[in-house]
Every structure is written in structure tokens, then in C-alpha cells.
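Everything on this sheet refers to the single structure shown next.
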Amino acid sequence: MSAPADPINPAAAPTRRASLGTPEGDDVFGVFDPNTARRFFAYLGPHKKDFIGSQVAVLFSAGAQLSLPLLIGRVLDSAVKGEVHRFHQSLIVFACAACAFAGMFFVEQWLSLRLANRVIFDVRRHMFAHLQDISLSFMDKTHVGRMMSRLQGDVGSLQDFLESTTGAVGDFVMLIGIAVVLVSLNLRLGLLTLTVLPALIAIRAIWLPFSKKAFRAARDASSTANSALAENINGVRTVQETRREQVNFELYAEKAQDNFKAQVGAAMTSQIMVPTVDILTGLAMAVVIVLGGEAAIGGGIEVGVMVSFILYVQRFFDPVRMLSMQYTVMQRAMAAARRIFEILDVPLAITDKADAPPLTAAAEPTVEFDQVTFGYDPARPILHDVSFKVKPHEVVALVGPTGSGKTSIIALAHRFYDADRGRVLVGGRDVRDVTLDSLGRTIGMVLQEPFLFTGTIEENIRYNTPGATREQVVAAAKAVSAHDFIMRLPDGYGTRLGQRGRNISVGQRQLVSFARALVADPKILILDEATANIDSFTEQAIQRALKVLFEGRTCIVIAHRLGTIRDADRIIVLNQGRILEQGSHDELMARDGLYRHLYTSAHASFDDQVVAVTGDAEFASRT
Amino acid sequence: MPAVLSRITGLALRYPWRVALTVVTSLFATIANLALPRLFGRSIDEAHHLLAKGSAGSAAATHTLLIIALTVIVATGARGFLTMAAGFQGEYLSQKVGLDLRLRFFQQLQRLSFGFHDRVHSGDLITRGMLDLEGARSFIQQALAPSLSLVLQLGFSAYMMIAIDPWMALIGLSFVPVASFALGRMGFLLRVAWLRVQQFQSQLTLIMEENLQGIRVVRAFAGRAFEMAKFDAAAKSVLAVQYERLTLRFKGLAGMQLSYYAALGALLWYGGDQVLAGRMSVGKLTEFSIYMTFLQAPIRQIAMIFSTAARATSSGARLFEVLDLEPEVADAPNAGALSAGDGVLRFEGVGFAYDPIKPVLHDITFEVGPGRTLGIVGPPGSGKSTIANLIPRFYDVTQGRITIGGTDIRTVTLSSLREHVGLVQQESFLFDATVGHNVAYADPWADDERIEAAARTAQIHDHVSRLPQRYETRVGERGVAFSGGQRQRMSIARGVVPGPGIVIFDDSTAAIDAVTERKVREGLAAATRAKTTVIIAHRLSSLMHADEIIVLSHGRIAERGDHASLLAAGGAYAELFELQSRAASGALEPAA
């Protein structure tokens, strides 16, 4: 595509800096791996009856189906020969076989499809449960989208495989059955016709890699075009603001054209198989007609046998085709299963000890760090030898630049991670010695970015405290100044929040998450103050709400606002994973340390300042 | 046929030669296919006849059989190639229609105004552009083309069977209406059931996705059991609707199989009797039974045809609904390019309402010229951003008018207007592309110097320089994550690149800390010295230096003046100033 001359700067090189969308790149096909297969088939264990039943049914239905052409031949043959009794007998047998086939086919289908859906349910549940227990450092590194494609796409590939696998067994039985029947009907003619079979298999085997390549190209092209479309839709306002319509259309048209070509190419590749198979089938039929015909004339074989032959020859290819398709499905399932097991194999770092007792309600609400060293990558510790103790009902503010270890401290207190060295104690007990569930009920947490679930406001405030009454919910909302805005919403507490609460503002979401913490009523509260610049009006409400939240609780706050910091009983100043200084606001101001320096140069927020002082630590710590 | 389906068909008819080719190849493929049973029948009769005459092994017999065999090879070969050609043409046509629809849909989305994009969720549009488009496209290849070959096959074989023996034809074909009904109904119901499965499935998806996104909340509240219970309930309802779907499938297939075998059995019985009585040759009966097996495959496709047609009807409707919309904001018929004149931007008694019952702006009047800055402040929902969006005509005013250099902006072309007006939004969208591509978004031909200069102005250059591949580093989902403030600075840089005459900053520094913001502002002041500037913010330090400041309240101008006079007036502005100074730090002056 040629770039038009730049109207603003005609001397500029005509290179266009423009792109649109990128495809995702999971491998589609995998090779057979006995270990993966074994693990996968272990999921069939609990549904043994369905599995065995479906396999038995498929044998019977394949057998019945196999007998039908034979029976048609017998009917015709007896008619030709005028054997009335045999004619009627054959007809009855035919009817029985047809009914048996239909019946068995249904049993097979029902059992195998039900089995597939049940196994898929188990696999998905197992994965989901595992993700609930998996260490957060794994979750941090993995995109949610990627995880969803495991839970959806990969599990779906397994379902496809399971749903078709019983059918494949049937096809295999059919193929063997046809061969056996043909040879036993007439050895010479049977063997001659069967020579087509290896040819069919060979051609199919040669064709398969090409078809896979074309399939993959088509899939990639369509995913490229779709991701470009999605990106343009998500950024459509920017596109219109910057008048990028024409450029983006050209970029997209190119991708759409490529997709068209790839799809047509894939269609060609798959269609080419049709005449190949037909010619081979034609050859086999010709053999039957010439040799079978001569033999029939010579009285060597019966007319009915010849008819059966012709009927069977036509069915040759179906099982071959189905089996090779199943092979592809199997390969996709292999790739999918391996990715699924990759997740299931992520070890659970943080689990309850075998006989861990719960943290009792009687325990004092204290948090203590005893010489804690910790790093997401143990080779690069974020926290070095940190010790401090938070007394009952004390409010402690953590202050420090990005990457100084504030977030790690609160994550360790809640046992999202385990310390590499040293101990974290809550209520005087090592967090590793009590149950996670009781720890979660003792320590409440309000995150920096309030995450709300799809559902009503009331459901969100009551999250995981199902015993809370409507009155408690309303009281909590009132306490954190959320009641007024909630009542202004169309359905009050029953207002449904859109995805992630998009229909209310960030500040309002924050207030709802405060109410949620208040309803759960933890004895210890950990709060990561929002950095987002919230409008002055909501900001005031938030400041008021914080005071309510802190009341009568032990609190650790990652504070960004000077007001919050000043109100804390104690301030811990962190830098590069070590405690630099601590004390009350006045004590720290009296000392000529980092805190005083920061305070005097800061305006609305503390952190960005510190980054300027200590250098940009963000990348060092996050990657 | 529903209107939607005729419309999709109409799209295919725009390629008449391809359509003709598809029809002709299908026709001949059918003929070749149906010649085969006849050939088999003849060869059987031939063999039987010769056997009866006792002329076994004669050269004539061999000769006849050889000819028939050759014809079979030719016929199967022809059938194969013609079927391939027909299949390929069908696919080609449907992909061509798919391509046309894709391009039209893409262009339409770019044309449709903000008002449309406000109402329609982006996820919904993506679904329409991907799944619904696919649903409409596949109608041609999975319903239209198979129906053609179904009709041809059915017609031809019925003709041939009737020509041989009308009674037997009647018996043999008796399964067709029963099976068609059973399968057609099944196809249709399966589609409905499939939609239900999808619905429950997306419920499950939502639960899983939210759980993973909110995993910290889940853990913070020790909500494992609660979340597992949610998952189980949703996953079990998926299972239940899947069972319903399976049941439907079995019923349909049962109808098909039983009616088919019943007809075949009856045919063999009746035909066999005829053969026994010597009224019919065994070859004819063979021919009949082979016709029956041949018919099985196309009849089976009825289910697919119906479910594809049902899908295409709803998908196509959703697609065409978007394609048929007219953008609310469009060029006037005789619109010319904007000539900025004196470059003064004027609002003359502007009123605006997204929803006619609830007006958002009332009687807004102001003017701001080159080299001057207008500040707009007000509580959330007071209409600040609406003013910003009216200037590049993302919406049209419902009262009064907006002029630039004295020309009503509704009388000029959108592209010339938007070229003149740069808007930096609060929520900046970064594309999944390199930093350089993102900064140069509005002007993909910008050279390195300009991109770097823009990044310096927006105070993002230093950060970019530290990235692994500097301006070639990928941003977005599959690249480096940027913080809110960094994103905003990127989008400011993007706004600076093209250099329009009017620049609007809509709360575009909200996430940037105060010190950096001051640097950005200083950089921008130099870059926008000769421009008409509108700054919208709730942080007063961002706009207190403006030549005029407007305080909005409930869509009306409550106060106006410069910083000093507004403070002196002691109204809402002064109150807000006091509030923000206190919030920043009691002792310190607000950022200045």
C-alpha cells in the first residue's frame, strides 16, 4: 500500500507507523503423549458404567450396521432364486437388524455424550478449584484471558474429542468388519477390492499435513482479522477523534483479504479429497462389476453377493475419513490436555497444614512480623529482615515509594504468599499454623482497585457473609456514606452492577467495597488506599468512611493521602524493602529523615514524589 | 423464507457467475451421482440375464461388463470433480459474502457516532462482527448450497424411481416427508437449545472470569467455598441444558432412522414379491435400494440446513440492524472544508440532551480564541465532558450553535473539523501496538523527531527511554503495562502530534501527580501557545491559570471569570479551592 504524501511534512520518509490487532498464538495440534492420555482417561474412572456401556453399545451398533448390506443382498438373492420362505425370513432378520442398529446407536450416543459432558464438568471443576488454591504469584504472572481460554477453549477441545471418540471406535470396528465380510463372502473378489483400502489410507495420510497447514493458516488469518476488529471497536472513540478511519480501514481490509484467501485455500484443500476418494471408489466398483459380474455369469457367486459388495464398497471411505478426522481431533485434544495439566500441575504452595486449628475468636487482634525476608523471586528479595508489631486497635500507615515492599507486607499478613525466612504472626499464632479460612475471617482487606462482582449492590456488600441481614447491609452503607448515592440509583440496593461495576464511579465503587468490609466485620483490617484522583466531593465521603472503618479495629493501611497518614497512630516508612524509620507524624517530623523530606515536598499524594527521589523502581520490582 | 435470509441470498446473487457455476456444477454432480445406481442395476441385470441364457464366459458378456465398469469409473470421477467444484464454489461464494460483510461492518462502526457507541456495549459489537457475521455467511455454504443439491438429488431420484415403478417409488420415498419433518424440527429446536446452552455457558464464563479477575477479593474474604458453590450451580445448569439438547437430537435422529429403515424394509418386501412373481428384474430392485442409500446423506443434511437457517435469521438480523443504521452525526449534503478564519471558538446559547427528557446543558455561551485558554470546572455530572465532546461534533447540539471562525460546525465536513480540533480524553485507550505507533496514532506518517518531541512535552519520553525497546516496545494486553498516569501522558503526547488549531484536555491529567502535571502543563503551554485551548479538570491547579474559567453546575454556567476574580467572589469556586487546599495539606499552599 502506498502512503500518500504527508501534507504537514512533505520531506518525511513515507513510512507509516500503523498496525491494528495481533492474533493470539496457542499451538493447535499436539502429538500423542501416553502420559497425558493416561491422566486424562483417569477422569473416566468415576463414570465407568457409562464408559463401558457406550463401548458395548458401539460394538453392537457397528455390528448391526455391518449386517445390513449383507441382509439386503440376501433378500434380493432369495427373491431372484424364488425361495419364498428364505425371502421372508431374510426380511424379518433385516427388520430386526435395523431396529437393533437404531436402538444400539441411541444407547451409544446417549451414554457417550452424557459421559463427555460429565467428564468435562469434572475437569473444569477440578481446574477451577485448583485455581482457587493456587499461589497468587502464579496468578499475577498469568493473564486472565489466557486462563479463560484454558477453562473454555481447551476444555472444549477435550469435549469434542470425548464426544466423538466412541464413534471412532465404531468406525474402526466397521472398517475391520467390512474387510472381514468382503473376504469371507468371496476371497478373491474381497482381496481385490480391499487393495483400494491401503491406497485410500496412504492418500489420506499424505493429505493430512497439507490440510492441517491450510487449517492452521485459516485459523490464524481469522484470528488476526478478528483481533483487529475487536481492537478497533474498543478504541473506536480514539479512532474517530484522531481521524484514523481510512488508515484503519485499509489495514483491516488487508487482513480481511488475507483471511478470505486463507479460508478459500483451506476449502480447496479439503475439497480436493472428494474426487480422489470417488475415483478410488469407482475403481473398486469397476473391479466388482467386471470380476463379480463374470463370476456371477459363471455361477461362481450369487447375484446378492455382488449387490452386497457394491453396497460395502461405497461405505469404505466413511470410516477412513472419520478416523483421520478423529486423529486430528485427538491431536488438538492432546495439545489442550497438556495445557490443562500444566495448570493442574502448578504446585499448591499455600495450603492448610494437616491438622491446622482455626484462629479462634479469642485471639488478640495483633499482627507481628518477625525478621521476615520475602521475594516473589527468592533470589531477589523485596523485603529484607522486616520486624514490627501492630498492637490491638492500633492504626499503622505504611509509606514508601513504589517497589518499597508495602504491598508485599499486606499480602504476607493475609498469607497470600509465605515468607522465605522469618515468621508472620496474627493473634500470636504463626499464619502457617492456622487454617486459611479462619485467617480470612479474622483479617479483612480492602484493595486499591475496588473489584465488584456482577450482581446487585446488596449482593456485593453481603459478599461471603450470607448471614448478614438487610438492616446490617444498609447500616454498613450508611456508616461509610454510601447510602445516599445508592438510594439515588434506579433500584436502590437492588440496582444491578454492570461488568465490574462500570455503571458507578470509581469513588462510589470504593465506598461499596468499604461497606463490604464493614459487613464482614473483621477484627483486623488491611487497606490499600486508592491512588486514583477522585473528585473532591466523593473524596470527602471516603475520608469520613475511613474513620468509621478504622474504629475499634487493628489496621494496617498503605496510605497515599497525607490526611490518612497524619491520622495514623504510627507511620512505618519503607524504602527498598527495609524499615527506614517509624513513629507518629510529629515524631517523624521532628527527625530530619526521608519522611520529613517527603512531607515538605508533597502536595496531594505521597508516592509519585518518592519515585522521583529514589529513582524509578517500578520495573526493577515488577518484572 | 424470512426477509433476512433473502437478503443474505441477495448478497450472494451479486456474484451471478459464481452462483451460476455453483448451480451448474451441483446439477451435473447430481446427474453423475444418480447415473451410478442405474449402471449397477444394469450390470446386475446383464449378469443375471446372461446367466439365465447360459452364455457364460462369452466375449460379448465380458465386453458389456467392461463397458459398464469403465462408465462407472468415468461417472464416479465426474461425480467427484463436479462435487468438488460445487463444494468449492459454495464455500468461495460464502467467503466472498463474508468478506463484503466484514468490510461493510467495519466501515459502518467507524461511521456511527458516539451516541451509538454509548448505547451499545463493545462486547456486543464484537460478537456481532465475529459470531453473527459467521452465522450469516455460513448460511450460503451450509444451507443454501446443500438445499440446492438436496432438491436436485431428491427431484432426480424421484423422477427416475417413478419412471421405473411409481408404486415402488412411493414406498421408497415415503420416508422423505417424515424424515424431513423430524430433522427439520430437530434442526430448529437444536438451534433454540443451543442458544440456551450458550446463555448458561456465558453465565458460567462470567462467574469464572470474575472469580479470576477478583481473585484477591475472593481470597481476602476467604470466599473459596462461596465461589465453588456459585461455580457448581452454574456448571450444573449447563449440564442440564446440555442433556436437554442431547434428548432433542436423539428424538430427531430416531425419527429419521426409523422412517428410513421402515421404508427400505417395505421396499424390499414389495420389490422382492415383484421379483418373485417375475414382474420385476433383480437389477431394478438393486437400483432402487441404491437410490435409497444415496438419498440418506442429503436428507440427513436437513437438520443442518434448518439450524443454519435459524442461526442465520437471528444473526443476520442482528448484523443488518447495525449495518442499516444511519449515523446521527454526518456531513451535511453540501458541506465544505472548514476554514478556521480568525480561529475563535464560540458557543452560542448551546443546549444539549442525550435523552430529550433530561437535558444536560442549558444555554452555554462562551468564546475562546487562539493563544487563549478556557478552563471548565464543576462537580461530576455537571456536563463538562459533554462540552468537550460537542466541539469535534461527536454529538450535535440540540439548541443554539457552535462556531469556529464564525462558521457553524454543522456546515463543514467532519474530517476537516476533527483535523482542526484535538481532544485528549480522560480515559485514554492505548492500542495493542508499539509506543511509537500509539503516539503517532493521529498521524501515522509523523517522523521520529516529532514523536519524541511530543513525548517530551507530555513528560513521558524519559519513561519510554527506559523501556526495553524504547519506542518499539509493545503496549497493551500483550505488552508492557502502563500505569494510569503514564497512559494519560501517552494520550497527551498523542494529542500533541498532529498539531490541530483547537486543543481540548478533558480531565486528561487526573491520574498524573501534581509535580509531573506542572511539568506537562509547562511543556504544553509552549506547544499550544498559538492555539485555542480548553482545559476541563476537577483539580483546580490544572486550570487556575486560564484566561477565563467557567464553573458549571447542573449544566448551567454558575460562575465565570479568572482565578482571582472568582476567588474574590467567594462562590462555589472559592469553596472548592478551599476544600482542595485543605485536602492537599493543611499547612501547605495548593499546588501552584
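Protein sequence lines correspond, in order, to chains A and B.
Just so you know, the first sequence maps onto residues 2 to 624 in the numbering used here.
Just so you know, the second sequence maps onto residues 237 to 828 in the numbering used here.
Backbone N, C-alpha and C define an ideal beta-carbon position, used for all residues, glycine too.
May I ask you to report which of helix, strand or coil DSSP gives V435(A)?
Indexing the first sequence from 1 puts residue 435(A) at position 434. Coil.
Output the distance between the C-alpha atoms of V194(B) and V633(B), rounded to the nearest integer angstrom.
The requested residue 194(B) is not part of the displayed model; chain B covers only 237 to 828.
Mind checking which residues open and close the alpha helix (DSSP H) that includes H673(B)?
Taking the first residue of the second sequence as 1, we reach residue 673(B) at position 437. Segment V671 to V675, the alpha helix (DSSP H) holding H673(B).
Can you give the Cα-Cα distance for G334(B) and R333(A), rounded to whole angstroms?
Reading the second sequence from its first residue, position 98 is the one you call residue 334(B). Reading the first sequence from its first residue, position 332 is the one you call residue 333(A). Each residue's alpha carbon lies about 26 Å from the other.
Helix, strand or coil, according to DSSP, for T639(B) in the structure here?
Position 403 of the second sequence, counted from the first residue, corresponds to residue 639(B). Note: T639(B) maps to strand in three-state DSSP.
Quick one: what's got a C-beta closer than 7 Å to R147(A)'s C-beta in the same chain, skipping five residues either side?
As a first step, residue 147(A) must be located in the first sequence, where it is residue number 146. Around R147(A): no qualifying Cβ.
If you run the structure through DSSP and keep just helix, strand and coil, what is V314(A)?
To locate residue 314(A), count along the first sequence from 1; it is residue 313. In this structure, V314(A) counts as helix in the three-state DSSP scheme.
Beta carbons nearer than 7 Å to chain B: which residues of the segment 335–360 of chain A have them?
If the cut-off is 7 Å between Cβ atoms, the segment 335–360 of chain A has nothing near chain B.
Consider the Cβ of V787(B): report whether some Cβ of chain A lies at a distance smaller than 8 Å.
Within the second sequence, residue 787(B) is the residue found at index 551, counting from 1. Not closer than 8 Å to any Cβ of chain A, the Cβ of V787(B) fails to qualify, so no.
Consider the Cβ of P252(B): report whether some Cβ of chain A lies at a distance smaller than 8 Å.
The residue you call residue 252(B) lines up with position 16 of the second sequence. Closer than 8 Å: no.
Note down, in chain order, each residue of its chain lying with its Cβ closer than 6 Å to the Cβ of I179(A), except the 5 sequence neighbours on either side.
Taking the first residue of the first sequence as 1, we reach residue 179(A) at position 178. Excluding sequence neighbours, I179(A) sits near Y313.
Kindly identify the DSSP beta-bridge partner or partners of N576(A).
Along the first sequence, one-based indexing puts residue 576(A) at 575. Looking at the DSSP assignment, N576(A) forms a beta bridge with R579(A).
Counting only Cβ-Cβ distances shorter than 8 Å, please list the residues of the segment 623–653 of chain B near chain D, keeping chain order.
Of the protein chains in this structure, namely A and B, none is chain D.
Beta carbons nearer than 8 Å to chain B: which residues of the segment 130–148 of chain A have them?
Result list: A130, L132, Q133, D134, L137, M140, H144, V145, G146 and M148.
Name the DSSP bridge partner or partners of T601(B)?
In the second sequence, counting from the first residue as 1, residue 601(B) sits at position 365. T601(B) is not bridged to any residue.
Please state whether DSSP places V259(B) in a helix, a strand or coil.
As a first step, residue 259(B) is located in the second sequence; it is residue number 23 there, counting from the start. Helix at V259(B).
At a CB-CB cut-off below 9 Å, which residues of chain B make contact with S150(A)?
Within the first sequence, numbered from 1, the residue matching residue 150(A) stands at position 149. Near S150(A) there are no residues of chain B at all, since even the closest Cβ is about 11 Å away, more than 9 Å.
Kindly indicate which residue of T277(A), G54(A) and P210(A) has the alpha-carbon position closest to the one of R315(B).
Mapped onto the second sequence, residue 315(B) falls at position 79. With distances taken between Cα atoms, R315(B) lies closest to T277(A).
Let me see if you follow: with CB-CB separation under 8 Å, is G283(A) close to chain B or not?
By one-based count along the first sequence, residue 283(A) stands at place 282. Cβ-Cβ to chain B under 8 Å: yes for G283(A).
With S789(B) as the anchor, note down where its alpha helix (DSSP H) starts and where it stops.
Taking the second sequence and counting its residues from 1, one reaches residue 789(B) at position 553. No alpha helix (DSSP H) holds S789(B); the beta strand (DSSP E) holding it covers E784 to S789.
Okay, do the segment 138–156 of chain A and the segment 501–520 of chain B touch, 3+ Cβ pairs below 8 Å being the bar?
Result no; under three Cβ-Cβ pairs closer than 8 Å.
Roughly how many angstroms lie between the CA atoms of L413(A) and D155(A), to the nearest whole one?
For the purposes of this step, residue 413(A) is taken as the residue at position 412 of the first sequence. For the purposes of this step, residue 155(A) is taken as the residue at position 154 of the first sequence. If I take the Cα positions, the gap works out to 33 Å.
Considering only C-alpha positions, which residue in the set A263(A), A257(A), F107(A) and L490(A) is nearest to T483(B)?
Along the second sequence, read from residue 1 onward, the residue named residue 483(B) stands at position 247. Nearest of A263(A), A257(A), F107(A) and L490(A) to T483(B), Cα basis: F107(A).
Can you tell me whether DSSP reads R151(A) as helix, strand or coil?
Stepping through the first sequence from its first residue, residue 151(A) is reached at position 150. Residue state, collapsed to three classes: helix.
Mind listing the chain B neighbours of F107(A)? Cutoff is C-beta to C-beta under 7 Å, in chain order.
Your numbering for residue 107(A) matches position 106 in the first sequence. The contacting residues are F486 and A490.
What number of angstroms, rounded off, separates the C-alpha of L188(A) from the C-alpha of F317(B)?
As a first step, residue 188(A) is located in the first sequence; it is residue number 187 there, counting from the start. As a first step, residue 317(B) is located in the second sequence; it is residue number 81 there, counting from the start. About 32 Å.
So, is T670(B) buried or exposed, given that buried needs 16 or more other C-beta atoms within 10 angstroms?
Reading the second sequence from its first residue, position 434 is the one you call residue 670(B). Buried, because 16 or more other Cβ atoms sit within 10 Å of the Cβ of T670(B).
Considering Cα atoms alone, identify which of P704(B), G508(B), R347(B) and S242(B) is closest to I829(B).
With chain B represented from 237 up to 828, any question about residue 829(B) goes unanswered, as that position is not in the structure.
Is it true that the segment 721–729 of chain B meets the segment 788–798 of chain B, where meeting means three or more beta-carbon pairs spaced less than 8 Å apart?
At 8 Å Cβ cutoff, the stretches do not touch.
How far does the beta strand (DSSP E) with L384(A) in it reach, from first residue to last?
The residue you call residue 384(A) lines up with position 383 of the first sequence. L384 to V391 is the extent of the beta strand (DSSP E) around L384(A).
Compare the C-alpha of H697(B) against each of T647(B), F665(B) and G759(B) and name the closest.
For this step, residue 697(B) is matched to residue 461 along the second sequence. Minimum Cα distance to H697(B) is reached at G759(B).
Does the beta carbon of E530(A) sit closer than 8 Å to a beta carbon anywhere in chain B?
Sequence index remark: in the first sequence, residue 530(A) carries index 529 (1-based). Not an interface residue.
Would you say Q315(A) touches the ligand GDP, meaning its beta carbon is less than 7 Å from a heavy atom?
Because no ligand of any kind appears in the structure shown, any question about the ligand GDP cannot be addressed here.
Which residues mark the beginning and the end of the alpha helix (DSSP H) in which V240(A) is found?
The count along the first sequence starts at 1 and reaches residue 240(A) at position 239. Note, V240(A): alpha helix (DSSP H), V237 to E242.
What separation, rounded to the nearest whole angstrom, lies between the Cα atoms of D451(B) and I202(A)?
To locate residue 451(B), count along the second sequence from 1; it is residue 215. To locate residue 202(A), count along the first sequence from 1; it is residue 201. In the sequence as presented, Asp is not what sits at residue 451(B); that position holds Ile. Going from the Cα of I451(B) to the Cα of I202(A) covers about 50 Å.
State the CB to CB distance for the pair A305(B) and A287(A), rounded to an integer number of angstroms; the pair is presumed to be in contact (CB under 8 Å).
Mapped onto the second sequence, residue 305(B) falls at position 69. Mapped onto the first sequence, residue 287(A) falls at position 286. Yes, A305(B) and A287(A) are in contact; Cβ-Cβ is about 4 Å, under 8 Å.
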